[in-house]
Amino acid sequence: FRFSDVPKPDNYLHTYRDLHSREHVNMLQQLDEGIHRFLRSLFDESFLAHAHVSSGFHYPVRTQYATLHMQLRVNSGSV
């Protein structure tokens with residue numbers, strides 16, 4: 400593997416280590432709200448009340464193509 404040739408902007412989020420400002424806290428709060436809205440569009444409240452929901456960021460396998468991404472699991476273990 401080699402590093403990406405695609406230019407990235409200065410504020411590009413490669414990993415969760417790049418989350419360090421108040422703006423990022425606001426972004427994460429909006430993400431949390433969006434996740435809840437998304438799950439409510441798929442499942443009813445009764446199901447969600449008893450569901451195990453896990454979400455999180457993980458470190459990339461290779462830094463050459465690191466881009467911040469999140470996993471979301473419902474009743475499927477923990478991230």
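Start counting the sequence shown at 400; every next residue gets the next number (the working numbering).
Virtual Cβ for every residue (Gly too), placed ideally from N, Cα, C.
As the structure is a prediction and not an experimental result, all values here were calculated from the model.
With a CB to CB cut of under 7 Å and the five nearest residues on each side skipped, what residues in its chain are close to Leu-430?
-> Within the sequence shown, residue 430 is the residue found at index 31, counting from 1. Annotation for Leu-430: no residue places its beta carbon closer than 7 Å to its own, counting only its chain and skipping 5 residues before and after.
Cα-Cα separation, Lys-407 to Tyr-458 = As a working note, residue 407 is residue 8 in the sequence shown. As a working note, residue 458 is residue 59 in the sequence shown. Roughly 18 Å between the two C-alpha positions.
Rounded to whole angstroms, how far is the Cβ of Leu-471 from the Cβ of Ser-454, which I believe are closer than 8 Å?
-> Taking the sequence shown and counting its residues from 1, the one referred to as residue 471 is at position 72. Taking the sequence shown and counting its residues from 1, the one referred to as residue 454 is at position 55. Rounded, the Cβ-Cβ distance is 4 Å, consistent with contact.
In the region 412-465, which residue ranges form an unbroken beta strand (DSSP E) of at least 3 residues, counting only runs that do not cross its ends?
-> Qualifying beta strand (DSSP E) stretches, in chain order: 452-456.
Look at the Cβ atom of Leu-438, then the Cβ atom of Met-426, and state whether they are nearer than 9 Å.
-> The residue labelled residue 438 in the question sits at position 39 within the sequence shown. The residue labelled residue 426 in the question sits at position 27 within the sequence shown. Result no, Cβ atoms of Leu-438 and Met-426 do not sit closer than 9 Å.
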